[in-house]
Amino acid sequence: MTSDSGRRSITGFSNPTVKALRALREKKHRKREGRFLAEGLRLLTDARESGRLPETLVMALGREPHPLLAALEADVIAAGGEVIETSADILGKITGKENPQAVAGVFAEFDTSLAAIDRDRSPIWLVAQALRDPGNLGTMLRTGDAVGAGGLILIDDCADPFSVEAVRASMGAVFTQQIAQATWDEFLPWLRAGQGQLVAASLRDAVPYRGAPYAAPCFVLVGNESRGLPEEYEAACDLRVTMPMKGRADSLNAAVAAAVLAYEVLASLEG
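In the numbering used here, the protein residues as written are 57 to 327.
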């Protein structure tokens with residue numbers, strides 16, 4: 057291991073830093089350290105442009121030079137962060153990918169309390185209950201970014217938004233969207249303490265999703281991928297809407313349903 061002008065070089069798989077970074081792929085270690093991994097120049101550039109820099113930047117030796125990577129490295133060093141150079145094989149061991157991208161970063165986890173949410177930030181918010189698939193979670197973050205949502209509120213036992221898979225699926229939206237985590241019993245009183253319309257896709261006393269009376273700030277609620285929303289959660293909603301199923305499928309993927317509904321809400325509020 058060598059060090060030079062703010063950089064550190066790691067050449068061994070057994071290096072303690074490699075083991076510590078690799079451990080961030082596991083939820084228990086992320087929670088203990090309050091840190092998470094993100095991989096790829098585009099994703100890290102999105103983070104930088106959103107005002108978030110990695111505490112540690114890991115770069116593969118032999119990488120192609122790129123002005124965005126140079127700017128990222130300079131900003132990390134200027135902010136007092138750490139820059140590590142290592143082999144592509146070791147970087148792959150850290151990220152868990154056989155063909156890793158040339159750069160990865162370690163970020164401090166964000167404040168995910170409901171108290172950190174400013175509901176006036178946006179007219180649309182996404183809410184997911186017991187969402188278990190990190191790919192769906194990342195897709196919902198990406199959808200939220202696309203429709204200009206304020207963020208994603210995760211209810212009950214959801215997948216970890218800071219897992220490598222969820223961060224990767226978010227395509228950088230993990231850095232542009234506010235994220236909150238709460239139980240239903242925490243979320244509902246918080247929502248009712250201020251303005252906010254809770255809307256869910258449902259078959260119970262539902263109206264067609266097209267032309268429904270949406271109101272800002274609108275909180276779009278989707279449920280677990282296989283079980284959907286508990287009946288009592290649906291009953292607590294201000295508005296229940298239904299989307300037509302023209303074929304044999306009886307429901308949409310949770311993240312797809314959130315996207316369809318979010319765009320309809322966006323069209324309604326902007327119209």
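Ideal Cβ placement from N, Cα and C applies to all residues, glycine included. Keep in mind the model is a prediction, meaning the values are calculated, not measured.
| Asked | Found |
| --- | --- |
| Where Ile-146 sits in the DSSP three-state scheme | helix |
| Where the alpha helix (DSSP H) through Ile-133 begins and ends | 123–134 |
| Residues that Gln-237 bridges to, as DSSP identifies them | Leu-210 |
| Residues near Leu-99 in its chain [Cβ-Cβ closer than 6 Å; skip 5 each side] | Gly-228 |
| Within 8 Å, strictly: CB atoms of Pro-269 and Leu-295 | yes |
| Own chain residues within Cβ distance below 6 Å of Leu-208, not counting five before or after | Leu-182, Met-196, Leu-197, Gly-200, Gln-233, Ile-235 |
| Presumed contact (8 Å Cβ cut-off) between Gly-281 and Leu-210, rounded CB distance | In the sequence on display, residue 281 carries Glu and not Gly. Contact flag wrong, Cβ pair sits at about 14 Å. |
| Alpha-carbon to alpha-carbon, Val-220 and Leu-322 | 30 Å |
| Selected residue, minimal CA-CA separation from Ile-133, among Arg-119, Pro-123, Gly-152, Leu-109 | Leu-109 |
| Cβ-based neighbour list, Leu-124, same chain, cut-off 7 Å, excluding 5 preceding and 5 following | Leu-97, Thr-101 |
| With 16 other Cβ atoms within 10 Å as the buried cut-off, status of Gln-185 | buried |
| As assigned by DSSP and simplified to three states, the class of Arg-81 | coil |
| Met-115: first and last residue of the uninterrupted alpha helix (DSSP H) it sits in | Met-115 -> not in any alpha helix (DSSP H); beta strand (DSSP E) instead, spanning 112–116. |
| Proximity below 8 Å, CB of Leu-275 to CB of Val-297 | Here residue 275 is Phe; the residue named in the question, Leu, does not match the sequence. No, the pair does not count as a contact, with Cβ atoms beyond the cut-off. |
| Endpoints, alpha helix (DSSP H) assigned at Ala-313 | 310–326 |
| Through-space distance from Ile-66 to Ala-79, alpha-carbon basis | 17 Å |
| 8 Å Cβ cutoff met for Leu-285 and Ala-238 | no |
| Residue nearest to Val-162 in terms of C-alpha spacing, selected from Val-74, Pro-300, Gln-251 | Val-74 |
| Glu-138, DSSP secondary structure in three states | strand |
| Helix, strand or coil at Pro-264 according to DSSP, with G and I counted as helix | strand |
| Pair within 8 Å by beta-carbon distance, Leu-317 and Cys-293 | no |
| Opening and closing residue of the alpha helix (DSSP H) in which Arg-104 lies | 97–105 |
| Straight-line Cα distance separating Gly-191 from Arg-283 | 17 Å |
| Span of the beta strand (DSSP E), counted from its first residue to its last, around Thr-199 | Note, Thr-199: premise wrong, no beta strand (DSSP E); alpha helix (DSSP H) at 190–203. |
| From Val-159, Gly-90, Pro-245, residue whose alpha carbon lies closest to that of Pro-121 | Val-159 |
| Burial state of Pro-217, where buried means 16 or more other Cβ atoms lie within 10 Å | buried |
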